[in-house]
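To start, the structure under review is shown below, and the notes come after it.
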Amino acid sequence: MQQEIVSVTQLNEYLKGKLDADPRLAEIAVRGEISNYKLYPSGHHYFTLKDEGGALKCVMFKGNAYRLRFRPENGMKVVAVGRVSVYPRDGAYQLYCTGMSVDGVGDLYAAFEQLKAKLAAQGLFDPAHKRPLPAYPRVIGIITSSAGAAVHDMLRILRKRYPLVRVRLLPVRVQGAEAPPEIASAIRYANRYRLADLLIVGRGGGSIEDLWAFNDERVAYAIYESQIPVISAVGHEPDVTISDYVADLRAATPSNAAELAVPDQDALRQTMDSMSGAMASALTRQVRSARQHWKILSASPALQSPTGYLEQRRKNIELLNNRLVSAQLHGVERKKRRYVELTAKLDAMSPLKVLTRGYAMALTGDGSVLRSVGQVKAGDDITVELGDGTLSAAVTGIKENGHE
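This note's numbering puts the first residue of the sequence shown at 7, with every later residue one more than the last.
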């Protein structure tokens with residue numbers, strides 16, 4: 007019997023047919039750890055599922071991957087659902103994934119944690135970026151569904167607490183695939199035309215799927231980039247969304263957002279009454295102080311008798327003038343006496359004064375005082391000054407002490 011010979015393609019097609027015909031392999035769930043994960047520009051995802059005993063090649067095409075709530079990553083433990091078949095070109099069987107979930111946790115929770123970590127790393131939750139809310143907003147923009155109960159609750163509370171505020175409603179869908187771009191566009195529209203001093207973005211309560219539009223990164227970026235302060239008011243108090251982390255203030259509920267957005271008119275009236283009372287008391291104290299000051303001034307001599315006051319001031323000035331003149335004269339006299347004393351001392355020290363007592367002073371021919379025999383020689387002319395005149399003389403001889 008002659009053995010049948012088939013081509014590689016025929017064999018691969020045969021095996022593919024066998025696998026495709028197996029109902030168990032038509033839809034199977036496989037648990038494993040992702041490795042060699044690659045996302046191609048085409049949008050297709052290629053990866054390997056592995057456990058301690060083996061590995062399985064997997065592919066998820068763009069259409070199925072679009073429905074993923076999270077981004078697959080290497081090392082992530084997942085449950086992949088799909089069909090097992092052979093790729094004839096390579097002769098290798100692989101799992102064609104139609105769905106995937108994180109093993110042990112829900113898809114939405116995994117997606118929430120992934121986006122939260124990503125935006126936190128980019129600084130979208132940084133407290134330094136958060137803007138203060140206006141104390142007395144003139145216009146508040148509410149971005150929510152016009153059909154929900156949340157908007158009616160907010161309008162009722164705003165009218166009750168602060169009737170002066172104007173409200174602009176920017177209606178959007180708050181759940182479904184169209185909700186995130188609508189919410190983000192409404193935030194940017196309000197900023198572009200500066201429609202409000204404060205924005206409230208949110209909706210009433212619901213399941214995590216209902217609130218998911220506020221876990222979208224497009225909404226997160228729009229809130230972060232808003233120049234108008236934003237209050238996030240999503241769901242009930244236990245519900246926490248990405249919008250809550252990015253917004254300038256998180257409200258527990260939409261009703262709580264309305265309370266946080268405006269002051270309470272009753273509290274304002276009480277404050278104004280208190281301030282009015284304080285101002286009246288301060289004004290009374292000022293009037294009382296001014297009246298006491300007026301009494302003191304009215305009792306002063308200058309106001310009771312202006313001419314007498316001026317006469318007293320004139321006498322004080324005259325007294326001061328006399329004191330000044332006396333002080334000046336006394337100072338001049340003291341300096342005169344000092345001058346006479348110094349003149350007498352100087353006169354006593356004068357060389358001419360010594361001559362009157364019988365002494366003489368010899369001068370050389372050039373007028374220098376003759377202090378030493380070494381200054382002249384025999385035959386030099388000298389001058390001798392006496393108390394009553396001058397003598398001209400000539401040196402006939404020189405005798406030093408102890409020498410001829």
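Ideal placement from N, C-alpha and C gives every residue a C-beta, glycine not left out.
None of the values given here were measured: they were computed from a predicted structure.
Residue i lies in the alpha helix (DSSP H); which residues open and close that run?
| i | result |
| --- | --- |
| Arg291 | 271 to 304 |
| Ile193 | 185 to 198 |
| Met160 | 155 to 167 |
| Tyr227 | 223 to 231 |
| Lys68 | 68 to 71 |
| Thr15 | 14 to 27 |
| Pro260 | 260 to 267 |
| Ser249 | 248 to 252 |
Since residue i and residue j are thought to touch, with beta carbons under 8 Å apart, how far apart are those beta carbons, to the nearest angstrom?
| i | j | result |
| --- | --- | --- |
| Gly69 | Glu39 | Rounded, the Cβ-Cβ distance is 25 Å, inconsistent with contact. |
| Val145 | Leu161 | The Cβ separation is near 14 Å, so there is no contact. |
| Ile237 | Leu266 | 6 Å |
| Phe131 | Tyr251 | 5 Å |
| Leu392 | Ala366 | 5 Å |
| Asp386 | Val401 | 5 Å |
| Ser107 | Val90 | Going by Cβ atoms, the distance from Ser107 to Val90 rounds to 18 Å, so no, they are not a contact pair. |
| Gly88 | Leu74 | Wrong, their Cβ atoms sit about 13 Å apart, outside the cutoff. |
| Asp159 | Ser261 | 5 Å |
Classify residue i: buried if its beta carbon has 16 or more other beta carbons within 10 angstroms, exposed otherwise.
| i | result |
| --- | --- |
| Trp218 | buried |
| Val346 | exposed |
| Asp254 | buried |
| Arg320 | exposed |
| Ala134 | exposed |
| Ala263 | buried |
| Asn18 | buried |
| Glu58 | exposed |
| Asn328 | exposed |
| Asp222 | buried |
| Ile404 | exposed |
| Ile193 | buried |
| Ala399 | exposed |
| Glu188 | buried |
| Pro307 | exposed |
| Val268 | buried |
| Leu316 | exposed |
| Ala123 | exposed |
Check this for me: beta carbons of residue i and residue j, under 8 Å apart or not?
| i | j | result |
| --- | --- | --- |
| Val379 | Thr370 | no |
| His242 | Gly211 | yes |
| Tyr52 | Val65 | yes |
| Val171 | Pro143 | yes |
| Ala228 | Ala190 | yes |
| Ile234 | Asp203 | yes |
| Gly147 | Ala116 | no |
| Ser426 | Ala226 | Nothing can be reported for residue 426: it is not among the residues displayed for the chain, which extend from 7 to 410. |
| Ala257 | Ala239 | yes |
| Gly49 | Ala27 | no |
| Leu176 | Ile149 | yes |
| Thr259 | Phe220 | no |
| Ser213 | Val180 | no |
| Tyr99 | Leu45 | no |
Let's see if you can read the secondary structure: which residues bound the beta strand (DSSP E) around residue i?
| i | result |
| --- | --- |
| Ala35 | 34 to 45 |
| His51 | 51 to 56 |
| Met106 | 98 to 108 |
| Leu392 | 387 to 392 |
| Ala239 | 236 to 240 |
| Thr396 | 395 to 400 |
| Gly147 | 145 to 150 |
| Val85 | 83 to 93 |
| Pro177 | 172 to 177 |
| Val180 | That residue, Val180, is in no beta strand (DSSP E); it is neither H nor E in DSSP. |
| Met367 | 367 to 369 |
| Ile206 | 204 to 209 |
Between the Cα of residue i and the Cα atoms of the options, which residue gives the shortest distance?
| i | options | result |
| --- | --- | --- |
| Gly97 | Arg297, Lys22, Ala202 | Lys22 |
| Leu114 | Ala228, Arg77, Thr277 | Arg77 |
| Lys63 | Arg73, Ala86, Leu175 | Ala86 |
| Val14 | Tyr93, Glu339, Ala350, Arg291 | Tyr93 |
| Glu231 | Leu205, Ser213, Phe67, Ala183 | Leu205 |
| Lys167 | Asp216, Asp272, Lys136, Gln318 | Looking at the sequence provided, one finds Arg at residue 167 rather than Lys. Taking only the C-alpha atoms, the option nearest Arg167 is Asp272. |
| Ala368 | Val390, Asp245, His299, Val338 | Val390 |
With 8 Å set as the bound, which would you pick, yes or no: does the beta-carbon of residue i sit closer than that to a beta-carbon of chain D?
| i | result |
| --- | --- |
| Val108 | Here there is only one protein chain, and chain D is not present. |
Cβ of residue i within 7 Å of any heavy atom in the ligand MG?
| i | result |
| --- | --- |
| Val84 | The ligand content of the structure shown is nil, which means the ligand MG is not present either. |
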